[in-house]
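Participant: Take a look at the following structure, please.
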Ligand code: CAO
């Protein structure tokens with residue numbers, strides 16, 4: 012037995028490099044060429060291999076340490092065979108070619124900001140996205156050469172919950188667009204370059220800040236787009252596959268682990284520098300996949316216990332065309348299926364006599380015109396639901412099945428389903444119980460318009476206790492809505508129609524509003540559901556009771 016030093020080999024020109032991962036522990040037995048640790052230069056990550064077979068006895072470095080050629084990083088016990096350490100084995104450079112270690116050519120360095128007759132170049136970055144990351148660009152709204160005002164929409168991005176426009180922080184001319192449809196963006200990513208109009212003082216300031224500020228904000232080098240892709244695309248937070256051709260950055264030990272666990276590395280988000288995949292990322296990914304399988308796959312088939320639907324070759328029956336689902340459609344489909352599979356649904360029907368309510372609503376037409384607000388049946392229904400939720404709080408809960416707890420909500424926020432050209436969206440009106448009818452009319456109209464214009468912010472679609480889906484403006488006599496989990500009930504409203512109603516001595520023509528209440532039968536029992544719809548019917552039948 013003899014003790015042997017493991018040293019940092021020739022690093023292809025790099026001086027000091029940082030240890031980013033340690034792949035062995037004292038006591039581990041390693042083979043020759045097994046990776047000991049990973050260091051990262053500006054341009055490449057490098058695994059330092061073991062010079063021979065033996066047992067690691069000591070580590071002399073930790074993650075974050077800077078090392079250079081010849082530094083001892085670990086000690087190992089060998090059986091006395093010839094040491095290869097002194098031969099300085101070549102480190103295994105991975106991912107980027109060795110030539111990347113060369114100093115950057117002069118011309119690729121950003122130039123200091125120049126005074127340019129009342130304008131300066133700025134790189135517009137992605138602002139905070141309400142905590143979201145990797146949000147796909149669905150539309151680029153400007154072209155190179157366009158002259159923009161402050162707040163002009165630059166691009167539209169679409170998350171699971173909402174689409175939003177990213178506004179221009181400057182007035183000026185678009186010089187170069189750095190993103191394309193389909194790119195995934197996170198806060199701080201570069202969007203485009205603009206020549207921004209500045210006044211004299213600001214220009215002086217910009218001159219003083221250069222070049223440090225310029226290096227940060229301006230980068231018009233030819234590699235801009237490709238480096239952006241390399242940085243952004245692998246950062247999928249939902250374990251979506253990387254785009255075709257995107258490179259996986261990981262060392263051999265991590266690759267080996269992924270192989271052993273059967274994990275597809277192109278689906279793993281790397282948390283290391285430059286999105287490098289670490290061992291923990293592989294473990295997290297596998298854990299996440301197992302959890303998903305246990306909870307049931309949203310798409311049915313594997314994991315949910317439900318056989319998937321096998322599609323025939325439709326072209327055998329006639330011409331077909333295929334188009335990709337929009338992200339919103341795919342998300343809605345997943346949510347609907349998740350709810351349908353998880354929630355035991357029951358629907359309770361009721362008709363509310365809204366003849367008097369309708370008379371009152373019509374009497375408010377002129378007042379509405381003066382206010383610029385249209386009073387539809389929806390605000391009355393919102394108000395009636397808020398009263399019913401307060402009186403029957405078992406509807407204002409969510410179920411935490413994992414902890415076997417019922418979450419009671421002390422607020423009354425109601426979602427309204429809005430039909431938009433891009434699909435179904437559900438903005439949320441907060442504190443409905445504390446708002447008046449005009450306020451509810453104005454707010455629901457405003458949110459519905461925002462939904463149609465794809466201007467809803469994610470926060471405006473969160474936090475609902477209950478949902479109303481009104482098809483009354485369109486038609487139909489009844490339907491069975493799907494509960495918008497984790498809420499436990501949803502009210503479907505169909506088209507009001509004149510019906511003969513028996514008053515004890517004769518039939519009266521009354522305007523009847525069909526209500527369909529779907530509920531989660533785990534949280535709500537049938538008797539309470541009947542109480543809820545009966546109460547709604549009474550409240551809408553005599554809207555004075557809404558004030559009580
Ligand atoms: N019975 C009869 N008429 C009704 C009615 C009802 N239940 N509800 C609304 N109306 C009338 C309104 O009074 C209005 O008529 P006037 O113009 O003569 O006053 C007309 O229908 C259109 O109303 P609206 O749809 O503009 O307004 P709203 O407040 O009733 O609804 C909104 C707003 C956003 C809920 C609705 O526009 C919408 O998008 N509904 C579709 C929701 C949906 O897709 N649900 C399905 C989800 S599951 O796939």
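Numbering (this note's numbering), first residue to last: 12 to 559. Note that beta-carbon positions come from the ideal geometry of N, C-alpha and C, so glycine has one too. These numbers come from a predicted model, not from an experiment.
1) Where do the N-terminal and C-terminal ends of the beta strand (DSSP E) with residue 360 fall, by residue?
2) Could you give the distance in angstroms between the alpha-carbon of residue 11 and the alpha-carbon of residue 197?
3) In terms of alpha-carbon separation, which member of 288, 481, 508, 428 lies closest to residue 366?
4) May I ask you to report which of helix, strand or coil DSSP gives residue 419?
5) On the criterion of 16 or more Cβ atoms from any shown chain inside 10 Å, does residue 406 qualify as buried, or is it exposed?
6) Nearest-angstrom Cα distance between residue 184 and residue 431?
7) Alpha carbon to alpha carbon, what distance is there between residue 414 and residue 445?
8) Is the Cβ-Cβ distance between residue 547 and residue 399 less than 8 Å?
9) So, is residue 518 buried or exposed, given that buried needs 16 or more other C-beta atoms within 10 angstroms?
10) Based on DSSP bridge pairs, tell me the residues matched to residue 523.
11) Within 7 Å: the Cβ of residue 425 and any heavy atom of ligand 1?
12) According to DSSP, which residues form a beta bridge with residue 481?
13) Beta carbon of residue 480: closer than 7 Å to some heavy atom of ligand 1?
14) Pick helix, strand or coil for residue 38, following the three-state DSSP scheme.
15) Taking only runs that begin and end inside the stretch 419 to 454, name each unbroken beta strand (DSSP E) of 3 or more residues, in chain order.
16) For residue 147, list the residues DSSP reports as bridge partners.
17) Pairs of beta-carbons, one from the stretch 35 to 50 and one from the stretch 68 to 83, closer than 8 Å: are there three or more?
18) Could you tell me if the beta carbon of residue 504 falls within a distance shorter than 7 Å of some heavy atom in ligand 1?
19) Using a 10 Å radius around the Cβ and a threshold of 16 neighbouring Cβ atoms, would you call residue 359 buried or exposed?
20) Under 8 Å Cβ to Cβ from residue 385, same chain only, skipping five residues before and after it: list those, please.
21) Have a look at residue 124 and residue 205 and give me their C-alpha separation to the nearest angstrom.
22) Pull up the CB-CB distance for residue 140 and residue 165, whole angstroms please, since I reckon it's below 8 Å.
23) Could you give the distance in angstroms between the alpha-carbon of residue 130 and the alpha-carbon of residue 208?
24) Quick check: the Cα distance between residue 526 and residue 505, rounded to an integer number of angstroms?
25) Is the closest heavy atom of ligand 1 to the C-beta of residue 455 under 7 Å?
26) Roughly how many whole angstroms lie between the Cα atoms of residue 328 and residue 322?
27) Is residue 512 near residue 364, with beta carbons less than 8 Å apart?
28) Does the beta-carbon of residue 294 have 16 or more other beta-carbons within 10 angstroms, so that it is buried, or is it exposed?
29) Between the Cα of residue 543 and those of 423, 361, 372, 25, spot the shortest distance and give me the residue it belongs to.
30) For residue 200, name the three-state secondary structure that DSSP assigns.
31) Just how far apart, CA to CA, sit residue 552 and residue 464?
32) Taking the straight line between their C-alpha atoms, what separation do you get for residue 170 and residue 387?
33) With 16 as the cutoff for other CB atoms within 10 Å, does residue 58 come out buried or exposed?
34) So, is residue 372 buried or exposed, given that buried needs 16 or more other C-beta atoms within 10 angstroms?
35) If you follow the beta strand (DSSP E) that residue 131 is in, where does it begin and where does it stop?
36) Buried or exposed: residue 313, going by 16 or more other Cβ atoms within 10 Å of its Cβ?
Facilitator: Well, looking at it:
1) Start at 1 with the first residue of the chain shown, and residue 360 comes out as number 349. Element bounds for residue 360: 356 to 364.
2) Because residue 11 is not part of the residues shown, which for the chain are 12 to 559, the question remains open.
3) As a position in the chain shown, residue 366 is number 355, starting the count at 1. It is 508 whose Cα lies nearest to the Cα of residue 366.
4) Walking along the chain shown from the start, residue 419 turns up at place 408. The answer is strand: DSSP assigns residue 419 an E or B state.
5) Counting from 1 along the chain shown, the entry for residue 406 is found at position 395. Classification for residue 406: buried.
6) Here residue 184 refers to the residue found at position 173 when the chain shown is read from its first residue. Here residue 431 refers to the residue found at position 420 when the chain shown is read from its first residue. Whole-angstrom Cα-Cα distance: 33 Å.
7) The residue given as residue 445 occupies position 434 in the chain shown. The residue given as residue 414 occupies position 403 in the chain shown. One C-alpha to the other measures close to 32 Å.
8) Working through the chain shown from its first residue, we reach residue 547 at position 536. Working through the chain shown from its first residue, we reach residue 399 at position 388. For residue 547 and residue 399, yes; Cβs fall inside 8 Å.
9) Position 507 of the chain shown, counted from the start, is the residue given in the question as residue 518. Exposed: under 16 other Cβ atoms inside 10 Å.
10) Taking the chain shown and counting its residues from 1, one reaches residue 523 at position 512. Answer by DSSP bridge pairing, in chain order: 364, 508.
11) Here residue 425 refers to the residue found at position 414 of the chain shown. Result no, Cβ not under 7 Å from ligand 1.
12) As a first step, residue 481 is located in the chain shown; it is residue number 470 there, counting from the start. In DSSP, residue 481 forms a bridge with 504.
13) Along the chain shown, one-based indexing puts residue 480 at 469. Within the cutoff, so yes.
14) Here the question's residue 38 lines up with position 27 in the chain shown. DSSP places residue 38 in coil when its eight states are reduced to three.
15) 425 to 427, 429 to 431, 434 to 436
16) Here the question's residue 147 lines up with position 136 in the chain shown. According to DSSP, residue 147 bridges with 195.
17) yes
18) Reading the chain shown from its first residue, position 493 is the one you call residue 504. At least one heavy atom of ligand 1 is nearer than 7 Å to the Cβ of residue 504, so yes.
19) In the chain shown, the residue the question calls residue 359 occupies position 348. Under this definition residue 359 is a buried residue.
20) Taking the chain shown and counting its residues from 1, one reaches residue 385 at position 374. So the qualifying residues of the chain are 379, 452, 456.
21) By one-based count along the chain shown, residue 124 stands at place 113. By one-based count along the chain shown, residue 205 stands at place 194. Its pLDDT being 41, under 50, residue 124 is placed unreliably in this model, and the coordinates cannot settle the point.
22) Here residue 140 is taken as the residue at index 129 of the chain shown, counted from 1. Here residue 165 is taken as the residue at index 154 of the chain shown, counted from 1. Not confirmed; about 13 Å, so no contact.
23) Within the chain shown, residue 130 is the residue found at index 119, counting from 1. Within the chain shown, residue 208 is the residue found at index 197, counting from 1. Those two C-alpha atoms are separated by around 4 Å.
24) Translated into positions along the chain shown, residue 526 becomes position 515. Translated into positions along the chain shown, residue 505 becomes position 494. Each residue's alpha carbon lies about 7 Å from the other.
25) Taking the first residue of the chain shown as 1, we reach residue 455 at position 444. Under cutoff, so the answer is yes.
26) The residue given as residue 328 occupies position 317 in the chain shown. The residue given as residue 322 occupies position 311 in the chain shown. In a straight line, the C-alpha of residue 328 is about 13 Å away from that of residue 322.
27) On the chain shown, residue 512 is found 501 positions in, with the first residue counted as 1. On the chain shown, residue 364 is found 353 positions in, with the first residue counted as 1. Closer than 8 Å, so yes.
28) Reading the chain shown from its first residue, position 283 is the one you call residue 294. It counts as exposed.
29) Within the chain shown, residue 543 is the residue found at index 532, counting from 1. It is 361 whose Cα lies nearest to the Cα of residue 543.
30) Within the chain shown, numbered from 1, the residue matching residue 200 stands at position 189. In the structure shown, residue 200 sits in coil (DSSP, three-state: anything other than H, G, I, E or B).
31) Position 541 of the chain shown, counted from the first residue, corresponds to residue 552. Position 453 of the chain shown, counted from the first residue, corresponds to residue 464. In a straight line, the C-alpha of residue 552 is about 35 Å away from that of residue 464.
32) Counting from 1 along the chain shown, the entry for residue 170 is found at position 159. Counting from 1 along the chain shown, the entry for residue 387 is found at position 376. Each residue's Cα considered, the two are about 31 Å apart.
33) One-based indexing of the chain shown puts residue 58 at position 47. Looking at its Cβ environment, which holds 16 or more other Cβ atoms inside 10 Å, residue 58 is buried.
34) As a first step, residue 372 must be located in the chain shown, where it is residue number 361. Classification of residue 372: buried, given that the 10 Å Cβ count is 16 or more.
35) The sequence position of residue 131 within the chain shown is 120, counting from 1. 130 to 136 is the extent of the beta strand (DSSP E) around residue 131.
36) As a position in the chain shown, residue 313 is number 302, starting the count at 1. A caution first: residue 313 carries a pLDDT of 44, below 50, which makes its placement in the model too unreliable to give a value.
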